[in-house]
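First residue of the sequence shown: 1, per my numbering; consecutive thereafter.
Before any comments, here is the structure.
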Amino acid sequence: MIGKRQLRKAVLLSLFFLIIIMQTMSIQAEEARIRLDMDSLNLELGVSTNMTLTLENINGGRLKSIEGIEHFEILSSGQSQNTSIVNGKTTQSIQVNYALMPKTTGDFTLIGYVEYEGKTYETNALEVHVSEQSSKLDGETEDIFLKTNLSKENAYFGEKLVLTYELYSRYRIDHYGFKDMVQLDGFITKDFSEEQLKSNYVTIDGKKYVKYEVKKMILSPTTSGAMNIPSYQLEVILSTGDFFSQGKSMYLNSDALDVQIQPLPTENQPKDFTGLIGQLDVQATYSQEEVAYGQSLSLHVKLSGNSNLELVDSIFPKDMDNFTVYETEKDLREDVIGNDYVAEKGFEMILVPKATGEITINPIQITYFDVVTETYQDAVISGKTITVNGTMPTVASQTGNAGVVERQQMIINQINPVQLDEAYFTLKKSHVYTGIVIILLLITILAIFYYMRMKNRKRDKPLQAIYERVKKAKDNQDYYNILNDMIKYRYHISIKASSREDIKQHILNPTVVASVFDMMDMMENNFQQEQKSNSHIKEMMKNIYQEIKKKKQMC
């Protein structure tokens, strides 16, 4: 067996050779760039937006000013850094994020100025238009209320609808959520994830609110007729600002809505109609108009609009006389702009000519029902005449006449007779490269294993020392102080001086958060009562200690 010392030497030697190999790879840095981006360039008075200044590969760059920022109120700002290596190129970026709200209407230009190595550089210019607020939300000016928004109350069967629940509040909110699951009969629903839901500031009748997108859904009717979206109850927990008391709960009811789904008209309905409904835009691009025989060309098609594009899985005929067709379907992208549904889907066709000369590709029609004109329309992919150069290869037939080859010429390579000797063998280059990659991978795995083994031998002594104080604790106050010290050491936040929302944002481990809140509730409710069983408290402390010592969290 190999001893520990020999194993350590083998690992270090392997790492040495791996470092030498990695040093032979050149890592090139991307060129320096600065860029200014905003969520939308068309803003409304009283509605906030997000703006980001990005500095790429500008180590030590400093933002001097942003021209035009005086026309906006800065609600909040923050900075983040990121380093990535892609295809041997390293990119270092710094992002400065702003939450802005326009102060007045008009057209404004935003330009950032960055100082770097004694010179001043300017970003791209953002031309921003600010208009009056489009609605006053039916004149509601309560301090907290819930709005139910549906993109259309009269629609056709198959048409996509958007349902959004928006919470407006002038209070600080700890948590919110529907008491019951939102389930709609007669619809296929697709929910947006919590990461896709937004929140921003809005001003209504001179009062500033925070608007939360509580839930956003895409609805697809499964039948026609009168449909109903029932009312649901939303529980909102308002923050009291008191660390030792729970927030105040409020219950808000969403509006119940009636929806009328109409069947599609059968009059003038084309025979090849597949159910595509909405408005459809088609963009098609041919890669080239002239190719050599044996080569291929490509056709890129992008469909976009508010149509149910999931019904389109193929658009090109497979039985073309003069081309062999290979079609690829790309992913469907769905989104909501304003309160309207939008979708986009792409296709790529590889066309391989079967003959030479002038070959015409006929236009392709996609039939859909236009919900605006309420008529059946055709979206057209334009045709093209392709010139195929060269001559098709010919071979002599069995009768001596020349004929068109239906297959490629077969080439047989002779084998060196020496290679038939049992004392010789050959290896392909690909096999050699594969073997080298496998060896390097094994060395890397062995090094990682050795590193983790050595790391596991080291204990987090400061954390363990804090936990050891549990043995000497006398009352709830001692346990509470020990718990606070453990959390402060690991996550750099005091549970005594922070709200529960701040604690959740700093401690990303949900198990630890739940256990800490349970401990806090138990201790806060028993400061003025008899002390609970020491064994129960110690068991809870032990569970929290075991959980947070598993992995250090970068804060």
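Yeah, the Cβ is synthetic: ideal placement off N, Cα and C, and Gly gets one too.
Name the residue from the options whose alpha carbon lies nearest to the alpha carbon of residue i.
i, options, result
"residue 560", "172, 219, 543", "The structure shown has nothing for residue 560, since the chain only spans 1 to 555."
"residue 182", "169, 203, 228, 195", "228"
"residue 42", "93, 101, 74", "101"
"residue 240", "542, 501, 543, 550", "501"
"residue 150", "159, 158, 163, 142", "163"
"residue 194", "177, 82, 385", "177"
"residue 479", "103, 438, 544", "544"
"residue 221", "161, 210, 540, 265", "161"
"residue 362", "47, 474, 381, 331", "381"
"residue 125", "38, 154, 204", "38"
"residue 32", "115, 392, 316, 488", "115"
"residue 465", "510, 476, 483, 475", "483"
"residue 179", "249, 143, 200", "249"
"residue 219", "264, 339, 213", "339"
"residue 79", "51, 73, 106, 103", "51"
"residue 542", "477, 508, 463", "463"
"residue 277", "264, 49, 461, 539", "264"
"residue 284", "471, 302, 292", "302"
"residue 467", "513, 376, 539", "539"
"residue 269", "196, 376, 485, 331", "376"
"residue 311", "509, 332, 271", "332"
For residue i versus residue j, is the C-beta spacing smaller than 8 Å?
i, j, result
"residue 556", "residue 262", "Residue 556 is absent from the structure shown; the chain starts at 1 and stops at 555."
"residue 368", "residue 307", "yes"
"residue 234", "residue 167", "yes"
"residue 61", "residue 55", "yes"
"residue 490", "residue 548", "yes"
"residue 96", "residue 77", "yes"
"residue 110", "residue 36", "yes"
"residue 169", "residue 45", "no"
"residue 159", "residue 259", "no"
"residue 315", "residue 347", "yes"
"residue 313", "residue 329", "yes"
"residue 275", "residue 223", "no"
"residue 388", "residue 282", "no"
"residue 452", "residue 293", "no"
"residue 443", "residue 14", "yes"
Please return the same chain residues whose Cβ sits closer than 8 Å to the Cβ of residue i, not counting the five positions on each side in sequence.
i, result
"residue 113", "63, 64, 65, 66, 67, 120, 121, 122, 123"
"residue 323", "351, 352, 353, 354, 359, 361"
"residue 81", "92, 93, 94, 95"
Enumerate in chain order the residues of its own chain whose CB-to-CB distance from residue i is below 6 Å, with the five nearest sequence positions on each side excluded.
i, result
"residue 256", "230, 231"
"residue 280", "305, 307, 368, 379"
"residue 299", "286, 349"
"residue 343", "309, 334"
"residue 108", "68, 71, 128"
"residue 493", "506"
"residue 217", "163, 189, 191"
"residue 557", "Absent from the structure is residue 557, since the part of the chain shown begins at 1 and ends at 555."
"residue 487", "495"
"residue 143", "170"
Can you tell me whether DSSP reads residue i as helix, strand or coil?
i, result
"residue 488", "helix"
"residue 510", "helix"
"residue 358", "strand"
"residue 543", "helix"
"residue 160", "coil"
"residue 517", "helix"
"residue 303", "strand"
"residue 62", "strand"
"residue 416", "Below a pLDDT of 50, predicted positions are generally treated as unreliable, and residue 416, at 47, falls in that range; the measurement from the model is reported next regardless. Coil, per DSSP."
"residue 312", "coil"
"residue 12", "helix"
"residue 548", "helix"
"residue 494", "coil"
"residue 127", "strand"
"residue 505", "helix"
"residue 538", "helix"
"residue 392", "coil"
"residue 282", "strand"
"residue 132", "coil"
"residue 371", "coil"
"residue 70", "helix"
Whose C-beta lies closer than 7 Å to the C-beta of residue i among residues of the same chain, with five residues either side of it excluded?
i, result
"residue 148", "165, 254, 255, 257"
"residue 602", "Nothing can be reported for residue 602, as the shown portion of the chain is limited to 1 through 555."
"residue 550", "none"
Curious, which full-length alpha helix (DSSP H) runs of at least 4 residues does the region 434-482 contain?
461-468
Please give me, in chain order, every unbroken run of the beta strand (DSSP E) with length at least 3 that falls completely inside the region 316-346.
323-329, 333-337
Counting only runs that start and end within the region 156-210, where is the beta strand (DSSP E) found for 3 or more residues in a row?
161-169, 173-178, 187-191, 199-204
In chain order, which alpha helix (DSSP H) runs of at least 4 residues are fully inside the region 250-284?
none
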